[in-house]
Amino acid sequence: MKKLSLIIFVLVLSSCAEMQKIASEYGGMANPDIAAGLRQALQFGIDKQVQKLTATDGFFKNQAVKIMLPDELKKVDATLRKIGLSSLADDGLRVLNRAAESAVKEATPVFVDAVQKLSFNDAKNILLGGKTAATQYLQQTTTTPLYGKFNPVVKQSLSKVGADKVWKEIISKYNAVPLVSKVNPDLTDYVTNKALEGVFKMIAVEEQEIRNNLQARTTPLLKQVFAMQD
Numbered sequence: 001m002k003k004l005s006l007i008i009f010v011l012v013l014s015s016c017a018e019m020q021k022i023a024s025e026y027g028g029m030a031n032p033d034i035a036a037g038l039r040q041a042l043q044f045g046i047d048k049q050v051q052k053l054t055a056t057d058g059f060f061k062n063q064a065v066k067i068m069l070p071d072e073l074k075k076v077d078a079t080l081r082k083i084g085l086s087s088l089a090d091d092g093l094r095v096l097n098r099a100a101e102s103a104v105k106e107a108t109p110v111f112v113d114a115v116q117k118l119s120f121n122d123a124k125n126i127l128l129g130g131k132t133a134a135t136q137y138l139q140q141t142t143t144t145p146l147y148g149k150f151n152p153v154v155k156q157s158l159s160k161v162g163a164d165k166v167w168k169e170i171i172s173k174y175n176a177v178p179l180v181s182k183v184n185p186d187l188t189d190y191v192t193n194k195a196l197e198g199v200f201k202m203i204a205v206e207e208q209e210i211r212n213n214l215q216a217r218t219t220p221l222l223k224q225v226f227a228m229q230d
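Here it is as structure tokens:
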């Protein structure tokens with residue numbers, strides 16, 4: 001046990017020494033300043049991208065995150081368009097994306113909690129990590145609670161905007177076509193996961209912008225911290 005404790009102590013000291021060395025090479029920034037800078041970068045990315053996604057058509061008109069049909073319903077979409085029901089198919093897609101836009105409004109408090117808990121070691125790993133290390137940190141720490149927040153909102157939203165009725169009509173019309181296999185996917189789970197994918201994809205875009213574009217570092221703290229990884 002004493003030997004294990006000694007090993008852990010040495011690892012902690014070496015980690016701190018590594019970060020202090022990096023900090024001293026770039027203006028002598030203190031560890032708390034480095035962590036604060038990374039928290040600021042994460043918060044900026046979250047605020048900017050979450051706001052975009054929660055706007056009307058934030059998902060539907062953003063090709064990077066637009067929610068398309070699950071595989072088992074793509075044939076439904078194609079069949080409806082072939083028989084002159086393109087507008088109904090478009091409505092089906094739109095309501096799925098509206099549900100995601102509503103759900104993402106629940107993301108900010110979860111993200112804020114994760115950012116506030118950013119530790120010294122987390123900060124070091126993010127700063128010295130890959131181009132989306134901060135986004136990966138958020139994925140690891142928030143995916144489970146976000147799913148729990150998103151899922152009931154998606155379910156409620158699908159009902160509120162009439163998606164359940166739209167899809168009931170779509171699926172019933174499709175199932176009425178002769179010789180087709182009947183379908184009944186879990187749209188709530190599907191949209192919830194796609195909403196999560198969309199949020200993290202857009203935060204990753206913002207992270208890479210801050211890492212690669214000097215103009216995106218809009219505060220002195222961001223400029224100092226990310227100069228260390230240039």
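Under the UniProt record's numbering, the very last position in the sequence shown is 230; numbers go up by exactly one each time.
Glycine is no exception: its CB is placed at the ideal position from the N, C-alpha and C atoms.
Given residue i as reference, the closest of the options once Cα atoms are compared
i                 : options                           : result
valine 199        : Gln40, Ser157, Lys165 and Gln51   : Gln51
alanine 204       : Gln139, Thr192, Thr188 and Phe59  : Gln139
residue 233       : Phe59, Gln224, Thr142 and Leu214  : The structure shown does not extend to residue 233, since the chain is modelled only from 1 to 230, so the question has no answer here.
phenylalanine 111 : Ala216, Ala227, Glu197 and Leu42  : Leu42
alanine 36        : Leu69, Ala123, Asp77 and Gly129   : Ala123
aspartate 189     : Ala134, Ala78 and Lys155          : Lys155
lysine 131        : Ala227, Asn212 and Thr218         : Asn212
alanine 99        : Pro70, Ile126, Tyr137 and Gly162  : Gly162
methionine 228    : Pro109, Gln136 and Gly129         : Gly129
tyrosine 174      : Leu85, Asp47, Gly58 and Leu38     : Leu85
glutamate 197     : Lys182, Gln136, Val153 and Asp186 : Gln136
threonine 79      : Lys182, Ala64 and Ala195          : Lys182
valine 186        : Ala64, Asp47, Pro70 and Ala55     : In the sequence as presented, valine is not what sits at residue 186; that position holds aspartate. The residue with the shortest Cα to Cα distance from aspartate 186 is Pro70.
leucine 38        : Lys168, Glu101 and Ala133         : Ala133
Straight-line Cα distance separating residue j from residue i
i                : j              : result
serine 172       : lysine 66      : 25 angstroms
valine 180       : alanine 103    : 33 angstroms
leucine 53       : asparagine 193 : 15 angstroms
isoleucine 214   : alanine 107    : Before going on, a small fix: residue 214 reads as leucine here, not isoleucine. Whole-angstrom Cα-Cα distance: 28 angstroms.
lysine 223       : alanine 216    : 9 angstroms
lysine 75        : glycine 45     : 37 angstroms
asparagine 62    : serine 159     : 23 angstroms
serine 87        : asparagine 151 : 27 angstroms
residue 231      : aspartate 77   : In this structure the chain extends from 1 to 230, so residue 231 is not present and cannot be described.
phenylalanine 59 : lysine 105     : 13 angstroms
leucine 73       : asparagine 121 : 44 angstroms
serine 157       : aspartate 113  : 25 angstroms
alanine 195      : valine 153     : 11 angstroms
proline 109      : aspartate 164  : 28 angstroms
glutamate 101    : lysine 168     : 21 angstroms
Proximity below 7 angstroms, CB of residue i to CB of residue j
i           : j             : result
valine 166  : isoleucine 34 : no
valine 191  : leucine 96    : yes
leucine 221 : glutamine 49  : no
Local Cβ density within 10 Å of residue i, reported as buried at 16 or more and exposed below that
i              : result
methionine 202 : buried
serine 24      : In this predicted model, serine 24 has a pLDDT of only 48, less than 50, meaning its place in the structure is not dependable; the value taken from the coordinates is given anyway. Its Cβ having fewer than 16 others within 10 Å, serine 24 is exposed.
lysine 149     : buried
serine 119     : exposed
threonine 218  : exposed
threonine 144  : exposed
isoleucine 126 : buried
> Three or more beta-carbon pairs under 8 angstroms between the region 81 to 95 and the region 205 to 219, yes or no?
Replying inline: no
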